[in-house]
Structure formats: C-alpha cells, structure tokens
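As structure tokens, the structure follows; a few thoughts come after it.
Residue numbers (the numbering used here): -5 to 324.
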C-alpha cells in the first residue's frame, strides 16, 4: 500500500521529493528519531493540497514539519507521512505591490502564496510563506529598516512553526507583530484569519487546537534604524551564546515557563543539573534545556523529561509542561 501511495506522490512531486523510510534524525534539531514511512517535500499550496488529498484518500496519517526545532520523534519512527513545506529556496522580494502583501478579501478567502519560502516586503508589511526561515525573515526586516522581529533572529524555526507555537524570546513574540495568517482549513478551503482569531497565547495558537495548516503569515512592523536593529540582534545572539548550550543538539527550551517562575531555576534547585539517562542530559549550562550529549535515543530524552517533571513536582509542587512536541512511536 505504501509503495502505491509513494508512486502517486512521486507523480505529483517528482521522485526526488518523495522518500520512503526517511530517518527523522536527519530533520530534527535533537538529531534523534526513527524513520517516517513516507517523507515528502512540497513547495507551494497546490502541491500540499494535492499531497494531503492523496494521503487522506488512502487513510494515511500526515504531519506537517517545519524546521524540526521543537520536535521529538520516537525511535520507532512515524507510521504515516511527514510533509515539509520548505522544498524551495527562499526568494526575498522587496518593493512588491501592496496588494500582494496586504492579505485577504472581505469574504475571508484569499489567493494562495506562490511558494512557501517566498518573503515579500511592502512598506512596513512583510508577508512570508510558512516554509520560510523565521531568522531570515527577521534579517530581511532589518535590511529594510523594519523593527519588531529582532527576537526572531536567533530562532531556528520556520515562519509556520513559529506561528503554531507563538514563538518568542527576549520580550518579543509572534503575537506582537502578526497581523493575520492564511490557513488551509480542515475542509480544504484557504482562509485569511485575523490575529484575534488565531488565539495566540504563551506557546499556543489555534493551530494547536484544530488540524489547519499555516500557508503564510503577514507581519506589520515599525520603521527603525538598521544599525540599532542589528545591535539588538547581536545582543540577543551574545546572550544565547553565553547562556545556552548551543554546542549540543536540543529543541531549545524544553519546558514552558511556569507563571511567575523560571523552569531552569526550578530544575537547578531540584538538584538536576547534569542529570542524565543514556546520552540525554539536563544541560549544566542552562537547566531548562535537555540536550543530546552523546548519541541519545528519543527514549533517553523522554526519560530525562519525565524524571525532571517528577522531581520538580516533588520538590516545588510545580508541574512543568513541555514545549517540545512528540511524534511517532517511542
């Protein structure tokens, strides 16, 4: 059955964009994870919609992968199809027509982006495809003298993934700059959804509640001095280098911040700095990070996460909630 579906997808996307038994360790920042039955690359909405149609027609589960920077895939892999939306190179385009970046019609439906990696700039508005790099979008904003995305310069995820998680850092976050997003709804329609209906909160959005897919995001930014914007980005980058274990594979901050507290401090106070299971470890540099220190398995990582949650509950009475998303069989 999988071979038959793979052939249909190859006819649609090209043989080079469809892989069988693809190791997910190659596509996640944790560098762990077993094979996905199918792995496909899409570059535009029509390809994505057609691929999803083939999969659903054949009863195959599917999962949209951004840059894999907030994902832990089980050692046994994923019995379904992983779909990426960054199959085309980013193509920054400046000074485009305002209409191309301004969004939807009164009905709420919209024209779809030409490709998922395109980044358009028009005045103080940036419209980026869901597969575009969030960091590259931030750099393009700086180059055009637009402020508001400085926080994103060091976030390694995609624009779509950043929207799903309402990514943020250093007092900045997606909800402060997003105006609207185009979503592929469960019924197959493409809709332009305003920010208020995206339900953006701390590390959450409506996309964690319904099986819709982000296609592109419109940011409204403020004019700023490129040198000042760059200085702020460099300051954030230096803070990351000095305080985070960037030399090891991880998914960034493993746990959400409890209200009024810091997960890293709770973990340190519980005596868990350096705690390890197999090749996975609580970082000694920043206890809020679980790292792949030495050929960890997904099971190792999950065991460390569970042990940390249990110990912090016992010592502080706080239940730590993961930021990381789990996929597949562990």
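Heads up, the beta-carbon is just placed ideally off N, CA and C, and yes, glycines get one too.
Residue 194 is a Cβ neighbour of residue 169, given a cutoff of 8 Å. Non-local beta-carbon contacts of residue 244 in its own chain, meaning distances under 8 Å to residues more than five positions away in sequence, involve 23, 24, 277, 283, 284, 285, 286 in chain order. In the DSSP assignment, residue 212 falls outside any alpha helix (DSSP H) and within the unbroken beta strand (DSSP E) covering 207 to 214. Around the beta carbon of residue 174, 16 or more other beta carbons lie within 10 angstroms, which makes this residue buried. In the pairwise beta carbon analysis, the segment 286 to 299 is classified as touching the segment 25 to 36: at least three pairs are separated by under 8 Å.
Beta-carbon to beta-carbon, residue 177 and residue 153 are separated by about 13 Å, too far to satisfy the 8 Å threshold. Taking the Cα positions, residue 60 is about 24 Å away from residue 52. Taking C-beta atoms as the reference points, residue 45 and residue 20 fail to come closer than 8 Å. In the DSSP assignment, residue 175 is bridged to 187, 211. Taking each of 55, 63, 38 in turn and checking the Cα distance to residue -4, the smallest one comes out for 55. In the three-state DSSP reduction, residue 166 falls in the strand class (E or B). Around the CB of residue 294, 16 or more other CB atoms lie within 10 Å, so the residue is classed as buried.
Inter-residue distance for residue 180 and residue 42 is about 13 Å (C-alpha atoms, whole angstroms).
When C-alpha distances from residue 248 are compared across 241, 242, 258, the shortest belongs to 258.
Taken through DSSP and simplified to helix, strand or coil, residue 301 comes out as helix. Counted as a single uninterrupted DSSP element, the beta strand (DSSP E) harbouring residue 15 occupies residues 12 to 17. Residue state for residue 217 is assigned as strand, using DSSP reduced to three classes.
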